[in-house]
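Report on one structure; see the data block that follows.
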Amino acid sequence: MGDISDNFWKSERVCKCGRHPVPYDIENLELLGMLEVARSMFGRPIIIRSWVRCPLHNVNEGGKENSAHLTGHAVDITVYRSDTRYVLEEALQKAGFTRFGEGKTFLHADCDKTKPEKVRWTY
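Take the sequence shown: its letters are residues 1 to 123, numbered as in full-length UniProt numbering.
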């Protein structure tokens with residue numbers, strides 16, 4: 001049992017640099033609800049690699065200047081196997097995520113309505 005929802009923890013949401021708590025104005029409860037729906041469909045734990053980022057940490061991660069991580073509208077999820085990635089992405093799509101980036105060991109998913117939807121890219 002997580003401390004912000006059934007399956008997710010505050011420590012997953014905060015910037016990984018450890019210096020910045022999540023400001024109230026970028027808490028994205030919609031994304032949290034979507035993650036819970038996806039987790040239920042996926043049937044396995046979803047391991048969050050990155051959620052909210054401060055601007056400095058975003059630069060250090062190679063993130064774009066207008067990254068959805070800066071507003072809490074994106075998550076990077078650790079995933080190693082292609083078959084697992086396929087099932088996870090399907091669950092995330094059904095939960096409402098519309099933007100996906102594929103890295104070697106992670107899947108980026110976001111729901112930022114200020115950016116083009118139904119897109120996919122690779123890192």
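Glycine residues also receive a C-beta, built at the ideal position from the N, C-alpha and C atoms.
Q: Assign Gly43 to one of two classes, buried (16 or more other C-beta atoms within 10 Å of its C-beta) or exposed (fewer than that).
A: Within the sequence shown, numbered from 1, the residue matching residue 43 stands at position 43. That one is exposed.
Q. CB-CB under 6 angstroms to Val37, same chain, minus the five flanking residues each way: which ones, in chain order?
A. Along the sequence shown, read from residue 1 onward, the residue named residue 37 stands at position 37. Cβ within range, chain order: Ala95.
Q: Can you tell me the Cβ-Cβ gap for Asp110 and Phe97, rounded? I've got them flagged as a contact below 8 angstroms.
A: What you label residue 110 is simply residue 110 of the sequence shown in a count that begins at 1. What you label residue 97 is simply residue 97 of the sequence shown in a count that begins at 1. The pair is a contact, with the Cβ atoms about 7 angstroms apart (cut-off 8 angstroms).
**Q.** Helix, strand or coil at Gly33 according to DSSP, with G and I counted as helix
**A.** Within the sequence shown, numbered from 1, the residue matching residue 33 stands at position 33. Gly33 falls in the helix class under three-state DSSP.
Q) Using 8 angstroms as the limit for Cβ to Cβ distance, is Ile47 near chain C? A) Of the protein chains in the structure, only one exists, and it is not chain C.
Q | Gly72 - partner residues in DSSP beta bridges | A | Taking the first residue of the sequence shown as 1, we reach residue 72 at position 72. DSSP, once it has assigned bridges, lists no residue as partnering Gly72.
(Q) Buried or exposed for Asn66, going by 16 or more other Cβ atoms inside 10 Å? (A) Stepping through the sequence shown from its first residue, residue 66 is reached at position 66. It counts as exposed.
(Q) Between which two residues does the beta strand (DSSP E) holding Ser50 run? (A) Translated into the one-based positions of the sequence shown, residue 50 becomes position 50. It spans 48-50 - the beta strand (DSSP E) in which Ser50 sits, taken as one unbroken run.
**Q.** Residues that Val119 bridges to, as DSSP identifies them
**A.** Within the sequence shown, numbered from 1, the residue matching residue 119 stands at position 119. The partner list for Val119 (beta bridge, DSSP) reads Arg99.
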